[in-house]
Amino acid sequence: MAGKAVVLLSGGLDSATAAAEARRAGFDLYALTVDYGQRHRLELEAARRVAESLGVRRQVFLHVDLTLFGGSALTDRLAVPKDRIDECIGQSVPQDIPVTYVPARNTILLSLALAYAEAEGSGDIYLGINALDYSGYPDCRPEFLAAFERLANLATKAGVEGTTAFRIHAPLIHMSKAEIIRRGLELGVDYGLTHSCYDPLPDGRSCGRCDACRLRRRGFAEVGIADPIPYADDAEVPAP
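Residues 1132 to 1371 (the numbering used here) are what the sequence shown spells out, left to right.
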């Protein structure tokens, strides 16, 4: 075995695939799932399901209430954008950062994962961000990950003493949503257990119209298979 890896597991398609990559690499999985007050709280239960399916050794649920700050449609009373054109969703430029961006979220989540990893004696942290099919968030870029990895080795006892070299793994960083899905299927990920929608209906169905839904639906369409989760309507799936 390769030892322990801490995995940021949100319950979404990407984090489930990243966790499966860590498992394939031979790591024992230690999952961190953060309840930060997100409106799409269904992903927390999805994270529990995914963790069980992947044989996670330990899953920690941590509550950090980012609703106290607000500033995002995911943590505040702001409308989640719907039906945005494809050019505004994938391959976005910084000035197109949407209102679903949560201030400093990945910095916060990685900091918590770093603390968990150091406490567990692990130097490996996995997360499912990617820089192709995403909504233009600045904390989904390779430059951010490289900078955080440097910080991790500067700001920890383990890093300073040289007992642990921290590595941030983002195995999906240069993959499209379709490529992620294909890889996850190879790894045995059950995408029916995952949740991606930013604004789900009370009955749990995905809206089909937010950025997360549109990217997910387009990915499955490009792969040529049906998405196993239920949607609110028969919204047209973007053509490959």
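We put the CB at the ideal spot given by N, CA and C, even for glycine.
Where residue i and residue j are concerned, what is the direct C-alpha to C-alpha distance, given to the nearest angstrom?
i, j, result
"A1204", "V1181", "25 Å"
"V1187", "A1277", "26 Å"
"A1366", "L1285", "Low confidence applies here, because A1366 scores a pLDDT of 48, under 50, leaving its location unreliable; read the following figure in that light. So the alpha carbons of these two residues sit roughly 48 Å apart."
"G1254", "A1156", "14 Å"
"P1225", "L1209", "Residue confidence for P1225 is low, a pLDDT of 46 falling below 50, so the modelled location carries little weight; the figure read from the coordinates is stated next. Going by the C-alpha atoms only, they are around 20 Å apart."
"S1146", "G1252", "22 Å"
"S1223", "T1294", "For S1223, the predicted structure reports a pLDDT of 44, less than 50, and the residue's modelled location is therefore unreliable. A value from the coordinates is still provided. Going by the C-alpha atoms only, they are around 39 Å apart."
"V1354", "L1318", "15 Å"
"R1236", "Y1257", "16 Å"
"V1401", "T1287", "Residue 1401 lies beyond the stretch modelled for the chain, which goes from 1132 to 1371, so this question has no answer here."
"E1249", "A1289", "7 Å"
"C1341", "V1291", "43 Å"
"R1272", "L1263", "9 Å"
"L1240", "D1330", "21 Å"
"Q1190", "Y1161", "6 Å"
"L1282", "F1297", "10 Å"
"D1207", "I1360", "26 Å"
"L1175", "H1326", "9 Å"
"G1202", "I1312", "31 Å"
"P1229", "G1267", "7 Å"
"A1177", "R1336", "13 Å"
"L1324", "L1332", "17 Å"
"A1352", "Y1247", "37 Å"
"F1275", "T1238", "9 Å"
Identify every residue that forms a DSSP beta bridge with residue i.
i, result
"A1248", "A1248 pairs with nothing; no bridge assigned."
"I1299", "I1256"
"L1175", "L1175 is not bridged to any residue."
"D1166", "H1194"
"L1139", "L1163"
Any heavy atom of the ligand NAD closer than 6 Å to the beta-carbon of residue i?
i, result
"Y1257", "No copy of the ligand NAD occurs in the structure displayed, which carries no ligand at all."
If you run the structure through DSSP and keep just helix, strand and coil, what is residue i?
i, result
"L1160", "strand"
"P1225", "Caution is warranted here: a pLDDT of 46 is assigned to P1225, below 50, making its placement in the model unreliable, and the coordinate value is therefore given only provisionally. Helix, per DSSP."
"G1134", "strand"
"R1189", "strand"
"D1196", "coil"
"L1241", "helix"
"D1207", "coil"
"A1366", "Low confidence applies to A1366: its pLDDT is 48, below 50, so where it sits in the model is not reliable enough to give any reading."
"L1346", "helix"
"D1214", "coil"
"V1233", "coil"
"R1340", "coil"
"A1357", "coil"
"D1145", "helix"
"A1151", "helix"
Which ranges does the alpha helix (DSSP H) cover as unbroken runs of at least 4 residues, wholly within the region 1258-1338, from first to last along the chain? The qualifying runs are 1273-1285, 1288-1292, 1308-1317.
May I ask you to verify whether the region 1290-1309 touches the region 1146-1162, counting CB pairs closer than 8 Å and requiring at least 3? Remark: three or more beta-carbon pairs, one from each stretch, lie closer than 8 Å, so the region 1290-1309 and the region 1146-1162 are flagged as touching.
Do the region 1138-1149 and the region 1159-1176 touch if we need at least three Cβ pairs shorter than 8 Å? Of all C-beta pairs linking the region 1138-1149 to the region 1159-1176, three or more are shorter than 8 Å, placing the two stretches in contact.
Take every Cβ of the region 1186-1201, pair it with every Cβ of the region 1167-1177, and state whether three or more of those distances are shorter than 8 Å. The region 1167-1177 and the region 1186-1201 touch, with three or more beta-carbon pairs separated by less than 8 Å.
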